[in-house]
Structures are given as C-alpha cells and as structure tokens.
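FYI, my numbering numbers position 237 of the sequence shown as 238, with every residue one higher than the one before it. All C-beta atoms, glycine included, are put in the ideal place defined by N, C-alpha and C.
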Amino acid sequence: MLKYIVTSKYPLLWLVFHVVLGLASAFSPLPVIIWFYLVAISSILWVLQSTRSPAPLILYTVYLTSFELLARMASSSPFIPYELGKYLLFLLLVFGIFTFQKKSWIGFVMLFLLIPALIIDESGRVEWLDLVFNVLGPINVALAVWFFYQKRVSVKVLGYSLLLAVLPLVSVLSFTIYRVPDFDDVDFELGANTLASAGFGSNQVSTALGLGAFLAFVIWLNKWRLSGIRWLDALIFLAFCVQGLLTFSRGGMFGTVVGVVVVLFFLSKSTGIQIRKYNLPKIGKFVIPAILLIVVSFYVANELTRGMLLLRYQGETAGTLAGAKEKDLNTYTTGRLDIFTGDLEIWENHILLGVGAGASRYLRNTMEEVAAHIELSRLLAEHGLLGLMYFILLCYVGFINYRKHKNPMIRGLLLAFFLVGIYTSFHAAMRTFISPLMIGLSLLQIVQLKKKKPVKKVSSEEKPRPVLNLL
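Shown next, in the form of structure tokens:
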C-alpha cells in the first residue's frame, strides 16, 4: 500500500483521502483503526522482503508512527495503543537494528547509559507505568541513533519520508478544524486553548501541527509532491500555521520557525555553483513568500482571537495584565523554568546516578507531581552524570552528521530535523514520536543517485528480477 501512495500519479487523491480520514475519525474511531491496520498488514511483506535497503522500513516506520496523535484524538485505544509512537518505534527500530548490519556504537552506548536509572528509585513511589512514560522516549532516541545513523538513502526517499510523515498530520488538521466550535463561542484567554485543540491536549496538538507546517514548507520549497499543486501546498502550510497558532500553545509553532529559519539560512549561504550543481531553489523567490505566509497566518489567527494571540506570544497572562503577577521567564514558559530549576536541585544532591527514572516528579521542590517537560533536566535529575553523557553523545552525533553532506539543502534539512527534535524535547520532553523520529531522520546519509546509462537489451532469461528503486 505504501508503494502506491508514494509513487502515485495522483497525489491530490491521497491528500483528499487523508483529509476525509481525519473528518471521518471525528465521528468514529473505526476509520483510522481500519486504515492503520490495512496499511500495516498490506505493507509488512514489502518491508520484510527488502533486506538490501532500509528505505522500505524507514517509510513504514515514518507513516505508521505519525498516526499517533490522530489515534489518540479519535479514542481508538486499545485497538491502537494510546502511546502508539513509543511502542511501534521500539519494535520497528529493534527489528531494523537486527536486520541491517551497519550500526552506530554511539547509539549502543547511549542505551547502556540509561540502564542504571531503571533500577534506582529514591522516591519509593515509581511504578511500571512511570518507567514507560519517562524512559521509553529516550530509549527510542538511542535506538534511532543506533539504527538510522549513516543509513544510505536517496533524496527521493527523503522526499517520500516527509510526504508520509505529513499526510497523517493532514488528517489531524482536518479533525481539529472540524471539531473547533464557532469562533464566536470560543472564549480566548491567555492560556493554552483546549477548544481550539479539538478538546485534546493543546501542547500535543500544537506540536503536531507545527511539525506539519514545517514539513509542508519543506515539500513546497523543494517542489516535491504533496498535492501536486503549488498554490495548494502553500495553503496547506498556511492552514497548519493558523490552526497551530489558535491552540495558544506556543511550543509547537516555535518549532516551525526553528526548522524554517535553519533551512533558509543554509540556502542563503549557498553559492552560484552549488545552486546549479544541486538544482537548489533560488532563495530570493522563497524568502519573501515564506515570511508573507507566516505573517498572514499570524494576522488571521490574531484577528480570529480578537487580539489575544499577540498578547499570548508577548508572554502576558491574566495575572500580569491585572498587575498581580510579574512577567518573567517562568510565566512565559508556563512553569517550565520552575521544573528545570527543581530538577537541577535534585541533580545537585544526586550528581552521579540521579534519583532514578520517573522519580523526579515526586522529589521536586517546585512543580511537584508535574511530569517532566524538559528532557535535559529530567536526564540530569534522574540519570545524573550518565544522563549528561547521554545528551552530549546525542548532540555530538547530530552535529557531525549534517556536516558530512555538501548539498546545502540536505545540510539544512538534516540540521533542521535534529534541532526540531531536540527543541521538541525542551517543551514536551520525549513523550511523543516527534523527537525520536526527527532525530533519526537527521542521521541519515542522503545520496544523489546518478542517472543510469542506457543498456543494451537482454533476453528474458538474462533479465534480473526487478527491484523498486528506493535506495
């Protein structure tokens, strides 16, 4: 099934299908459940048979894990697990590690560094679900480093991966837009807006919509196929931005800005020779339209919220406007600074091995019982110096890989993927599929396939068995 989606001559048809899938899922979980298992079962044989190239497994992983949020919003559990991305990524990454021989020792070391905290519990209150909730994300990141690092795939496969990542997010977008009530009935306040998030967690919805906006922008910029119509792809990017802004959860939309700015920065540094050699888009043709689309989306969203959106992004709250609270970094980050400083205090008292996975929320003096939102501080508090080593290795492997590529677009994309994945872990920890998946994609080795020279015809007996060109 996945082969037909990525190679279809009618991309608009698949785009419309995913819009309808999101709308149908707003009425019943059955459509997303049926489609998810139809794709999973129909494509698994293709993946199992493709032991020469990791591309089919990568595409399979990207598409299915990207259904995590839609499955949650449609209440498809237990048929599709609530934390689908964590479990599915774990299984598929382990399969990939054992199937393909080339592995990263850095990923193995990162995985090993997480083990001691699994057997430590300074709070005496950690349960099995706490371990899964807090540690499976970092484990998946380590496995992603182990599997993805330096796997050779073509630019075409990279484009396919982004398409398969964004299509389920299009379903999330249509689901959210349908579920949002009339704007006259929405009381926009200076906090995350659950109604504009279709009644779901605004931080998760904003993060997914922000990722969708960034991926849609990359596809539009490179003239890859989303709908097959350039102006429509631009409108999809605009729709992701507007709906993401309406959630009033700023983290996901800042992620869009991070990704877009990094890609445009690398393009702006490309020389004339590089532009001709790699057929790069001319930056002058895209900077102004990109800025215009972002400005228009913010203006539209601000008008719909009667000016409250601008105040929200200025860091205002009901308390700061009334003069009862001072506007500072903690209010702007919605308490995340308190969580960060609380975790650092824990680390100061347990510097070597930390307090154990999942225990920091019970021992923190500030924001007690609140789940970790910043993965770095959680690693320090719960894993100690081993957590710091884990994060250093992660940054090392992410920052050395993109430098190995000469194509400015590929360099920009890989670094943008990595930074979006790391940035997401600073406001949503590593609880979603986004950090492991984006970090994994950032570690690929992207190659440009040379055009094959025409070969003489051979008899049917001499013809090799055809292979789908996905490397």
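| query | result |
| --- | --- |
| Bounding residues of the alpha helix (DSSP H) (the contiguous stretch that carries V181) | That residue, V181, is in no alpha helix (DSSP H); it is neither H nor E in DSSP. |
| Simplified DSSP state of I45, which is helix, strand or coil | helix |
| Candidates N350, T100, T257, D344: closest to A417 by CA position | T257 |
| Local conformation of V20 per DSSP, three classes | helix |
| Check whether L60 and L3 have beta carbons under 7 Å apart | yes |
| Selected residue, minimal CA-CA separation from E383, among M390, P409, G355, F299 | G355 |
| Delimiting residues of the beta strand (DSSP E) encompassing Q446 | 446 to 448 |
| Residue of A240, T342, V63 minimising C-alpha distance to I158 | The sequence given here places Val at residue 158; Ile does not occur at that position. For V158, the nearest C-alpha among the options comes from V63. |
| For R379, three-class secondary structure by DSSP | helix |
| Nonlocal neighbours in the same chain, by C-beta distance under 6 Å from G160, ignoring five residues either side | W225 |
| Helix, strand or coil at S269 [DSSP, three-state] | helix |
| Exposed unless 16 or more other CB atoms sit within 10 angstroms - verdict on L444 | buried |
| Rounded straight-line distance, which links the Cα of R53 to that of E463 | Note that E463 scores 43 on pLDDT, short of 50, meaning its location in the model is unreliable; the coordinates nonetheless yield the value given after this. Near 21 Å, if we compare the C-alpha coordinates of R53 and E463. |
| Where S26 falls: helix, strand or coil (DSSP) | helix |
| Other residues of its chain near M390: CB distance less than 7 Å, five sequence neighbours each side excluded | L114 |
| Alpha-carbon to alpha-carbon, L65 and L22 | 14 Å |
| C-beta atoms of V260 and V421 nearer than 7 Å | Correcting the residue identity first, residue 260 is Gly in this sequence and not Val. Closer than 7 Å, so yes. |
| C-alpha gap between G308 and A291, whole angstroms | 23 Å |
| Alpha-carbon spacing of T8 relative to T342, whole angstroms | 49 Å |
| First and last residue of the uninterrupted alpha helix (DSSP H) at S361 | 361 to 364 |
| C-alpha gap between G304 and F96, whole angstroms | Correcting the residue identity first, residue 304 is Glu in this sequence and not Gly. Straight-line Cα distance between these residues: approximately 49 Å. |
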